[in-house]
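Q: Sharing a structure here in structure tokens format.
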Amino acid sequence: MRGSVALCATAQPFIMKLEVLITRFQQKDVSAFERLYGMYAENICGVINTIVRNETLAQEICQDVFVKIWHNAASYNSSKGRFFTWILNIARNAAIDEMRSKSYKNQKKNLSADSFVGILEPEGSHNEAAIDAEGIRRLINRLKQKCVEIIDLLYFKGYTQKEVAEELEIPLGTVKTRNRNCISQLRENMKK
Amino acid sequence: MDVKEYIASGILELYVAGQLSGEENLKVAEYAEMYPEIQQEIEEIEASILALSKTLSPKSSMQFDDIKQRIASDGTSKVVKLPNRKVNWLWYVGWAASLILAVGAAYLYLQNEELKSEIKVVKDQRIDFEKQIEEAQNSLAESESLLETLRDRNIKVVPLGGQEVSPASYAKVYWNKEQQKVFIDAQGLPEPPEGMVYQVWSLTLNPLTPTSVGLLEDFISDENRIFALENPNYSEAFGITLEPAGGSASPNLEQLYALGTVSG
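First to last, the protein sequences are chains Z and A. For the first sequence, the residue numbers in my numbering are 33 to 224. For the second sequence, the residue numbers in my numbering are 1306 to 1569.
Here you go:
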């Protein structure tokens, strides 16, 4: 509870700022856009990367996504969801479209074949990226495999609850609660 | 509503994942506004996904400048609508150009007309000047011939003095006996009243006999006031009287304006 109070204190001005930023961004303020880009670009590129598994391609798509949201800024409405969720959705669709395009059709038959964990297994483990990956590994390695799967499918691959249930062969009602538990675990891992 | 139960249901995680229907989304957004705990829960869920997804990002960082450039060039690709605009623009320029052209043409036309009329005025003036020069030349020739005449060695100059009627009057008679001509310089005589005319008389004194030499016709219109008359007489004196138009057979001595005797 102490922790959440502290978070609340920092989160509040952040919200204010975010709303202002989004409004300014929707009014085609490039500097606001740059701020939002700074806030979400890595995350969005990361999500795309989990889908396309090609850093160069991921960056290309990611760039396209941000250009797209710039042009579609007016279509975002906070009542429909989080700003991040809005970009996330656009990014997922862009990446999946790319994977379904001719050039990748034959290479990857099933998007769900690999979870994001694969990305976190770099060839070498002595470079900075590897050190960085240490913290990440801490985040994820503590996640059970079933959590990795469900988070991957729901957040990064955009599967619906029903699709997740089918993919993981679990009851539909379980998807929601398992996901809740997995996210809670992730949050716990972040605090440590 | 039981906020804790609502949070525990896992709906907020699905909200962040973007897996809810539009209706459900609206409801969550509504609750989030009503209950700060819900808002906070949403943010924490989002933060965890942000943290996780950040770790999956490509290692080489992307530059915002690339995107900036693209949206800037998209800005110009919005200007690719320019072709449409350009047509409009051209349309306006076209009209502006033709308007300017029309105004310009009108201006030039008016100027041309003005110049034409100026040329005409100048031409007329030139004709006037030519006439004046011709007149001046004629006048000069006349004056020269007159001067030559008066300078003739055979000329006798007879000054005529003013008389009672007009004491200020005077005249001169230049008499060429050989050519039997007199030139009357009537500069010193007043203009004759209408219907009257000056008449020049040749006089012999003993006895006093006047003989008419002639009339100073067109006195007013003759600027030189020099009149050439025939004088075959043996004159001892000349007189000028004012007579009714057409002249008289004998002089009216009451209207004697000038009189002078031939000397020597």
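Glycine is no exception: its CB is placed at the ideal position from the N, C-alpha and C atoms.
1. Is residue 1501 (chain A) helix, strand or coil when you go by DSSP?
2. How do the stretch 94-113 of chain Z and the stretch 1337-1353 of chain A stand: do at least 3 beta-carbon pairs fall below 8 Å, yes or no?
3. Note down the Cα distance separating residue 85 (chain Z) from residue 64 (chain Z), rounded to an integer number of angstroms.
4. Whose C-beta lies closer than 8 Å to the C-beta of residue 126 (chain Z) among residues of the same chain, with five residues either side of it excluded?
5. My output table needs one value for residue 75 (chain Z): the three-state DSSP class, helix, strand or coil.
6. What residues in the stretch 48-63 of chain Z bring their beta carbon closer than 7 Å to a beta carbon of chain A?
7. Who are the Cβ neighbours of residue 1496 (chain A) in its own chain at under 7 Å, not counting the five residues just before and after it?
8. If we ignore side chains and look at the alpha-carbon of each, how far apart do residue 77 (chain Z) and residue 1401 (chain A) end up?
9. When Cβ atoms are compared, which residues of the stretch 1317-1333 of chain A fall closer than 7 Å to chain Z?
10. Kindly say whether residue 215 (chain Z), judged by its beta-carbon, lies nearer than 8 Å to any beta-carbon of chain A.
11. Taking a Cβ distance cut-off of 8 Å, strictly less, list which residues of the stretch 1357-1372 of chain A are near chain Z, in chain order.
12. Measuring alpha carbon to alpha carbon, tell me which residue in Z:190, Z:197, Z:223 is nearest residue 120 (chain Z).
13. Which residues share a DSSP beta bridge with residue 1462 (chain A)?
14. At a CB-CB cut-off below 9 Å, which residues of chain A make contact with residue 193 (chain Z)?
15. So, with DSSP's three-state summary, where would you put residue 1566 (chain A)?
16. Using C-beta distances below 7 Å, list every residue in its chain close to residue 1557 (chain A), excluding the 5 sequence neighbours before and after it, in chain order.
17. Going by the DSSP bridge assignment, what does residue 1548 (chain A) pair with across the sheet?
18. Is it a yes or a no for the stretch 1434-1450 of chain A touching the stretch 1530-1539 of chain A, going by three-plus beta-carbon pairs under 8 Å?
19. Residue 1535 (chain A) bridges to which residues according to DSSP?
20. State the DSSP-derived secondary structure class of residue 190 (chain Z), mapped to helix, strand or coil.
21. Short of 7 Å in beta carbon distance, which residues of its chain neighbour residue 1483 (chain A), apart from the five on each side in sequence? Order them along the chain.
22. From residue 1318 (chain A) to residue 1397 (chain A), what distance separates their C-alpha atoms?
23. When you compare each of A:1325, A:1315, A:1311, A:1563 to residue 1472 (chain A) by their alpha carbons, which one comes out closest?
24. In angstroms, rounded to a whole number, what distance separates the CA positions of residue 70 (chain Z) and residue 1372 (chain A)?
25. Tell me the rounded alpha-carbon separation between residue 216 (chain Z) and residue 88 (chain Z).
26. Excluding the 5 residues flanking residue 1306 (chain A) on each side, which residues of the same chain have their C-beta closer than 7 Å to its C-beta?
27. With 8 Å set as the bound, which would you pick, yes or no: does the beta-carbon of residue 107 (chain Z) sit closer than that to a beta-carbon of chain A?
28. For residue 1339 (chain A), count neighbouring Cβ atoms within 10 angstroms of its own Cβ and tell me buried if that reaches 16, exposed if not.
29. Using the C-alpha atoms, what's the distance from residue 1456 (chain A) back to residue 1446 (chain A)?
A: To lay it out plainly:
1. Your numbering for residue 1501 (chain A) matches position 196 in the second sequence. Correct three-state label for residue 1501 (chain A): strand.
2. Output reads no: the stretch 1337-1353 of chain A does not touch the stretch 94-113 of chain Z.
3. Along the first sequence, read from residue 1 onward, the residue named residue 85 (chain Z) stands at position 53. Along the first sequence, read from residue 1 onward, the residue named residue 64 (chain Z) stands at position 32. Each residue's alpha carbon lies about 30 Å from the other.
4. Reading the first sequence from its first residue, position 94 is the one you call residue 126 (chain Z). The residues are 80, 93, 96, 97, 100.
5. In the first sequence, the residue the question calls residue 75 (chain Z) occupies position 43. Residue 75 (chain Z): helix per DSSP, three-state reduction.
6. 62
7. Counting from one through the second sequence, the residue named residue 1496 (chain A) turns up at place 191. Result list for residue 1496 (chain A): 1524, 1525, in chain order.
8. Stepping through the first sequence from its first residue, residue 77 (chain Z) is reached at position 45. Stepping through the second sequence from its first residue, residue 1401 (chain A) is reached at position 96. Near 52 Å, if we compare the C-alpha coordinates of residue 1401 (chain A) and residue 77 (chain Z).
9. 1318, 1319, 1320, 1321, 1322, 1323, 1324, 1327, 1330, 1331
10. The count along the first sequence starts at 1 and reaches residue 215 (chain Z) at position 183. Closer than 8 Å to some Cβ of chain A, the Cβ of residue 215 (chain Z) qualifies, so yes.
11. Of all residues in the stretch 1357-1372 of chain A, only 1357, 1358, 1359, 1360, 1361, 1362, 1363, 1364, 1365, 1366, 1367, 1369, 1371, 1372 come within less than 8 Å of chain Z when Cβ atoms are compared, listed by chain position.
12. Position 88 of the first sequence holds residue 120 (chain Z). The candidate whose alpha carbon is nearest that of residue 120 (chain Z) is Z:190.
13. Looking up residue 1462 (chain A) in the second sequence gives position 157. A:1479.
14. Counting from one through the first sequence, the residue named residue 193 (chain Z) turns up at place 161. Neighbours of residue 193 (chain Z) on chain A, chain order: 1319, 1324.
15. As a first step, residue 1566 (chain A) must be located in the second sequence, where it is residue number 261. Three-state result, residue 1566 (chain A): strand.
16. As a working note, residue 1557 (chain A) is residue 252 in the second sequence. Cβ within range, chain order: 1546, 1548.
17. On the second sequence, position 243 is the one that residue 1548 (chain A) refers to. Partner(s): A:1502.
18. Output reads no: the stretch 1530-1539 of chain A does not touch the stretch 1434-1450 of chain A.
19. Counting from one through the second sequence, the residue named residue 1535 (chain A) turns up at place 230. The partner list for residue 1535 (chain A) (beta bridge, DSSP) reads A:1486.
20. Looking up residue 190 (chain Z) in the first sequence gives position 158. Reduced to three states, the DSSP call for residue 190 (chain Z) is coil.
21. Sequence index remark: in the second sequence, residue 1483 (chain A) carries index 178 (1-based). Same-chain partners within the cutoff: 1459.
22. To locate residue 1318 (chain A), count along the second sequence from 1; it is residue 13. To locate residue 1397 (chain A), count along the second sequence from 1; it is residue 92. Straight-line Cα distance between these residues: approximately 58 Å.
23. Indexing the second sequence from 1 puts residue 1472 (chain A) at position 167. It is A:1563.
24. On the first sequence, position 38 is the one that residue 70 (chain Z) refers to. On the second sequence, position 67 is the one that residue 1372 (chain A) refers to. Going from the Cα of residue 70 (chain Z) to the Cα of residue 1372 (chain A) covers about 12 Å.
25. Position 184 of the first sequence holds residue 216 (chain Z). Position 56 of the first sequence holds residue 88 (chain Z). Spanning the two alpha carbons is a distance of roughly 32 Å.
26. Here residue 1306 (chain A) refers to the residue found at position 1 of the second sequence. Closer than 7 Å at Cβ, skipping near neighbours: no residue.
27. Position 75 of the first sequence, counting from 1, holds the residue named residue 107 (chain Z). No, residue 107 (chain Z) lies away from the interface with chain A (no Cβ there is under 8 Å from its Cβ).
28. Here the question's residue 1339 (chain A) lines up with position 34 in the second sequence. Exposed is the call here.
29. As a position in the second sequence, residue 1446 (chain A) is number 141, starting the count at 1. As a position in the second sequence, residue 1456 (chain A) is number 151, starting the count at 1. Computed Cα separation, rounded: 15 Å.
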